[in-house]
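Reviewing the structure listed below.
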Amino acid sequence: MSSLALILALLQPVPGAADSVRRVVDRLTALLPAPSEARTALDSLTLEAQAARAASESAGGTLTDTLVNGPLTLLTTRVERRVFADILPEASRAWSGLFAGPAPEVWLEVRGGPWGSARTLVGRHREDTAFRAATHLGVRLRGPDPESFARRVVGEVLGQLLLDRADPGLRDWLVFGPTPIGQPAGAEELSYQLATSVAPATRACRDGDRSRCPAAFGLDGGTTKELSLAARGALVRAALDAGGPGAWDRLLAQPDRSMSDRLAAAAGRPPEALIDRLMARARADRSGGPGADPLRWWVAAGWLALALGVVAGGGIRR
Amino acid sequence: MSDAIRFDHVAYRTRGFAIEGLSLAVPTGSIYGFLGPNGAGKTTSIRLMLGLLPVGAGAITVLGRKVPAELPVALAATGYVPERPHLHPFLTVAESIDLHAAFHVRFDRRWAGELIREFRLAPDRPLARLSKGEMGKLLILQALCQQPELLVLDEPTDGLDPVVRRDVLSAVVDYVAERQATVFISSHLVHELERLCDWVGVMDQGRLVTEMPMEHFKNGIKRLRLRGPTERLAEAPFAVLSRSAKEPESAVWVVDRWEARMTEWIDARGVAIDRVEDLDLEEGFVERLRARREVARA
Amino acid sequence: MLSAMIRLHWKSSRAWVLAAIAAVVALPIVSVALAWPHDSADVASFLARLDAWSLFYPAVAGVLGAVMAGLTWRSDRRGDFVYALTLPIERWRYVWYRFLSGAMLIASVAAALWLAALLTVATTPRAAFLHAYPTALAAKFGLATLAVFSASFALVALPGRVRQVGARAILALIALQALVFLLGWQGNWLVPVLEALTDRFGPLGILGGRWMLIDV
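Chains as they are written, first to last, in our numbering: chain A, 33 to 350; chain B, 3 to 300; chain C, 61 to 276.
Pasting the structure below:
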């Protein structure tokens, strides 16, 4: 419940009060300025990726075909080179590790800048220079953490590439790809879902009945999948991580088998073991509560020292 | 004898007011009266001395310590009573004394207790509810109980009734007599300083007009009632502060640096002295100021 | 000297400190009690309500920090800083004592929050996958209050003329922004300024982020 809803709920006994508050809030909301440029700039990462996908589909191909013929270009504005400096090499390593043989060719180029809005197709994947970041230095993005957002977009694009090569059965089970870089996308969300879900299999799984956990993920062959797409993506990601090189090939190898068997083949162990590992990670995974984001603490300490230094150095004056 | 306070060609400038080339010396162990009309720069000079204002030029030393470089050391031995009360109003009398004692290592708490009784101050009363006289007594109490070598008092009795004024000044005098401390007291109440001080400095419009022992200040200035051709006294060995002639061949002069043997010098020039009159401190102060301002206008 | 400064600071601000202590002791107890759902399995609505209540922590931190800073220098300013400047200690030391005394009073409020949070957590049953953060909450509250206190402390200690000029400049900017908005012109500088103050690197960034006593 949002704080506004809470206030309105508390005002219910007072006739007309809730309506008055709602009208005032609507008027104030209308006065708020438009979303910031920073947020718009970050959203452009996703929009361009979607546009490229749509373009390739409208041309009758898939995203993979587009990449084989040329790169997917992520267009940004005002993004610093350093944002992608670690992400792209990590993605290259993760991508190569999914395949037993040579990985399919992928080229991701990130291009941006005040004069750059041209969409170009460039080169092909080379093993020695897997990915190249051609970002342009600019103003640092404000608002949400640009690194984690950029990581998510690159991961989603790569995950979508994986899923494009999958059979309909797997695509129906997953919908979103298993994002092969960084923290599994559903990991934080999994602990939240497990904590808050009222669905029967999930509640039982959370409360210790391990036999109900596969059903929560939809591995029991039923049509109900209590846990989200992101959580299922995390499970597939856990199977790929456990299976090592060639895990993705093994996952695709037998499209007629059940998801449970396919995950076991990919991971080299039963899916229950994967679920246990995910649950343990989710249990240990803490948001950190007020202690999350320690950078804010250090920054606060820095400002505190600066303020004190300014006053003490300047001294008090009449 | 060294100087407790020394100003060397001190200058200070602010919007609409300036102190130029101020040089004064307060001998150690003296009671120095700092006189001047309102707006002369007395309080500004005190604030410069205590580091409350930045010096534009020149140098100030207090008890041999440079201001502001060695200010904390100088202030440790200086008791200050400002023109306006500066204590925290929400504290009680006892709490204010405790706070003051915490910062002054030589603070005499026993004596503070005695003075509280002598001044009839209520220890539990908040400072915001003290009368002007009670606040004046508390400020003196705190300054004295620090056991300072130098007391700086800026208009300490201004606005106080005669009884309180007497209590405050007698506490100061008793302290000085016991401890040989130096007192720098600024006031526009000239008659009050006449009884107390042994040195006097006069400030006017940001400049030091004169500085001398009180004895010379009071006795060096005379009113002469003259009869005869006073134009023959043009090269006199004394300063003529003012001249008035109501009748021909008759004049009233106010002169400075007068000595008794000068009557012979005047007689020799054919001018008769009908009377030599003493001026009190206030009259002398006014005459010196008036003469200085006429010179400044000229 | 420090103990004398703490006594002085306490005398000038005790009403506010006691009010803040009452607020931070009540907050965890009341927020968890009021957020508790009718159906104990409905953890989602418990967390949502608790999130709404958690807004009061940075609010109290902000108000307490600003008020403590204002009270720190109020009586000094009334006396034109004459008493402070004629004490026989270096000026930077006096400022440091002033800051420390305020920080210690703020620490006492944070300690009260910590104890109340520990008590609340000890007496509240918790669903699986939920964790309690009483120490992190109290520490963040203390640091946030200190951050606001130090920023306000620095602003309040500025000379009067500088503060007046600064205040007028800010009011003029706000008035100009309002005018631009009413006339429908382009130009938005206030929101970037507010974002800069409260983002992760801003001086008030510590007021953002998570503030829940019980969280995932």
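Note that CB positions come from ideal geometry on N, CA and C, so glycine has one too.
Would you check if the distance between the CB atom of residue i and the CB atom of residue j is smaller than 9 Å?
| i | j | result |
| --- | --- | --- |
| Ile66 of chain C | Leu165 of chain C | yes |
| Trp245 of chain C | Ser161 of chain C | no |
| Ile33 of chain B | Val257 of chain B | no |
| Ala42 of chain B | Val28 of chain B | no |
| His90 of chain B | Leu68 of chain C | yes |
| Ala176 of chain C | Leu87 of chain C | yes |
| Trp205 of chain A | Arg269 of chain A | no |
| Ala96 of chain B | Glu151 of chain B | no |
| Arg282 of chain A | Ala297 of chain A | yes |
| Ala332 of chain A | Pro263 of chain C | yes |
| Met214 of chain B | Glu196 of chain B | no |
| Ser168 of chain C | Val85 of chain C | no |
| Ile274 of chain C | Thr184 of chain C | yes |
| Val230 of chain A | Ala104 of chain C | yes |
| Pro74 of chain B | Glu150 of chain C | yes |
At 9 Å on the CB atoms, spell out the chain A contacts of residue i, in chain order.
| i | result |
| --- | --- |
| Leu197 of chain C | Gly321, Pro322, Gly323 |
| Met272 of chain C | Ser319, Gly321, Pro322 |
Using CA atoms only, rank isn't needed, just tell me which of the options is closest to residue i.
| i | options | result |
| --- | --- | --- |
| Ala172 of chain C | C:Val103, C:Leu264, C:Ala79 | C:Ala79 |
| Glu251 of chain B | B:Asp276, B:Val69, B:Trp267, B:Pro215 | B:Asp276 |
| Ala339 of chain A | C:Leu206, C:Tyr154, C:His191 | C:Leu206 |
| Glu194 of chain B | B:Glu284, B:Arg131, B:Ala145 | B:Glu284 |
| Tyr193 of chain C | C:Ser105, C:Val77, C:Ser114, C:Trp76 | C:Ser114 |
| Arg122 of chain B | B:Met137, B:His106, B:Asp110 | B:Met137 |
| Gln286 of chain A | A:Gly276, A:Gly201, A:Ser128, A:Ala344 | A:Gly201 |
| Leu77 of chain B | B:Arg108, B:Glu296, B:Arg292, B:Glu261 | B:Arg108 |
| Asp252 of chain A | A:Ala262, A:Arg294, A:Trp127, A:Trp280 | A:Arg294 |
| Ser189 of chain B | B:Ala104, B:Val204, B:Glu279, B:Val178 | B:Val204 |
| Ala238 of chain B | B:Arg67, B:His11, B:Asp269 | B:Asp269 |
| Leu267 of chain C | A:Ala324, A:Gly345, A:Gly129 | A:Ala324 |
| Arg86 of chain B | B:Leu140, B:Ile99, B:Val69 | B:Leu140 |
| Val265 of chain C | C:Arg223, C:Ala204, C:Gln224, C:Asp99 | The identity of residue 265 of chain C in the sequence shown is Gly, whereas the question assumes Val. The candidate whose alpha carbon is nearest that of Gly265 of chain C is C:Ala204. |
| Leu222 of chain A | C:Val276, C:Leu179, C:Gly139, C:Arg223 | C:Val276 |
| Thr45 of chain B | B:Lys68, B:Phe19, B:Pro70, B:Thr63 | B:Phe19 |
Between the alpha carbons of residue i and residue j, how many angstroms are there, rounded?
| i | j | result |
| --- | --- | --- |
| Ala241 of chain B | Glu289 of chain B | 12 Å |
| Ala183 of chain B | Asp176 of chain B | 10 Å |
| Leu218 of chain C | Gln192 of chain A | 57 Å |
| Ala66 of chain A | Asp126 of chain B | For Ala66 of chain A, the predicted structure reports a pLDDT of 46, less than 50, and the residue's modelled location is therefore unreliable. A value from the coordinates is still provided. Answer to the nearest angstrom: the Cα atoms are 60 Å apart. |
| Cys237 of chain A | Arg318 of chain A | 19 Å |
| Pro303 of chain A | Val181 of chain C | 36 Å |
| Arg301 of chain A | Pro134 of chain A | 24 Å |
| Leu77 of chain A | Glu188 of chain A | Confidence at Leu77 of chain A is low in this model, with a pLDDT of 48, below 50, so its placement is unreliable and the value that follows should be read with caution. Those two C-alpha atoms are separated by around 11 Å. |
| Arg167 of chain B | Arg8 of chain B | 28 Å |
| Arg174 of chain A | Pro326 of chain A | Its pLDDT being 35, under 50, Arg174 of chain A is placed unreliably in this model, and the coordinates cannot settle the point. |
| Pro246 of chain A | Ala233 of chain A | 9 Å |
| Met128 of chain C | Val216 of chain C | 11 Å |
| His191 of chain C | Gly226 of chain C | 45 Å |
| Ile118 of chain B | Leu50 of chain B | 31 Å |
| Ile187 of chain B | Glu116 of chain B | 24 Å |
| Thr16 of chain B | Ser25 of chain B | 19 Å |
| Lys200 of chain C | Glu255 of chain C | 20 Å |
| Leu131 of chain C | Val83 of chain B | 25 Å |
List, in order along the chain, the chain C residues whose C-beta lies closer than 7 Å to that of residue i?
| i | result |
| --- | --- |
| Ala130 of chain B | Those within 7 Å of Ala130 of chain B in chain C number zero; the least Cβ separation is about 10 Å. |
| Thr256 of chain A | Those within 7 Å of Thr256 of chain A in chain C number zero; the least Cβ separation is about 18 Å. |
| Ser223 of chain A | Phe189, Val276 |
Residue i touches chain C at which residues, Cβ-Cβ below 9 Å?
| i | result |
| --- | --- |
| Phe105 of chain B | Met61, Ala64, Leu147, Pro148, Ile149 |
| Asp100 of chain B | Ala64, Arg67 |
| Glu97 of chain B | Arg67, Leu68, Lys71 |
What does residue i touch in chain B if you count any residue whose Cβ is under 9 Å from its own?
| i | result |
| --- | --- |
| Gly139 of chain C | Pro84, Arg86, Pro87, His88, Leu89, His90, Pro91 |
Using a cut-off of 7 Å between C-beta atoms, extract the partners of residue i located in chain A.
| i | result |
| --- | --- |
| Leu107 of chain C | Thr228 |
Taking residue i as the query, report the chain B residues whose CB atoms sit under 8 Å from its CB, ordered along the chain.
| i | result |
| --- | --- |
| Tyr143 of chain C | His88, Leu89, His90 |
Output, in chain order, the set of chain A residues within a Cβ distance shorter than 8 Å of residue i.
| i | result |
| --- | --- |
| Tyr157 of chain C | Residues of chain A passing the Cβ test: none, with the nearest at roughly 11 Å. |
So which residues on chain E does residue i lean against when the C-beta distance must stay under 9 Å?
| i | result |
| --- | --- |
| Ser135 of chain C | Annotation note: the requested chain E is absent from the structure, which comprises protein chains A, B and C. |
Review point. Taking Cβ-Cβ distances below 7 Å as the criterion, which residues of the region 299-310 of chain A are in contact with chain C?
Key: none
Check your understanding: Going along the chain, which residues of the region 182-213 of chain B sit with their C-beta nearer than 8 Å to a C-beta in chain C?
Key -> Within the region 182-213 of chain B, no residue has its Cβ closer than 8 Å to any Cβ of chain C.
Point to revise | Contact list for the region 67-80 of chain C against chain A, Cβ threshold 8 Å | key: none
Review point. If you measure beta-carbon to beta-carbon, which residues of the region 55-82 of chain B are closer than 7 Å to chain C?
Key: Pro74, Leu77, Ala78, Tyr82
Point to revise | Near-chain C residues of the region 21-55 of chain B (beta-carbon distance less than 9 Å), N- to C-terminal order | key: Arg49, Leu52, Gly53, Leu54
Exercise for review: Using a Cβ-Cβ cut-off of less than 8 Å, list which residues of the region 207-230 of chain C approach chain A; keep chain order.
Suggested key: The residues in question are Ala207, Ser210, Ala211, Phe213, Ala214, Ala217, Pro219.
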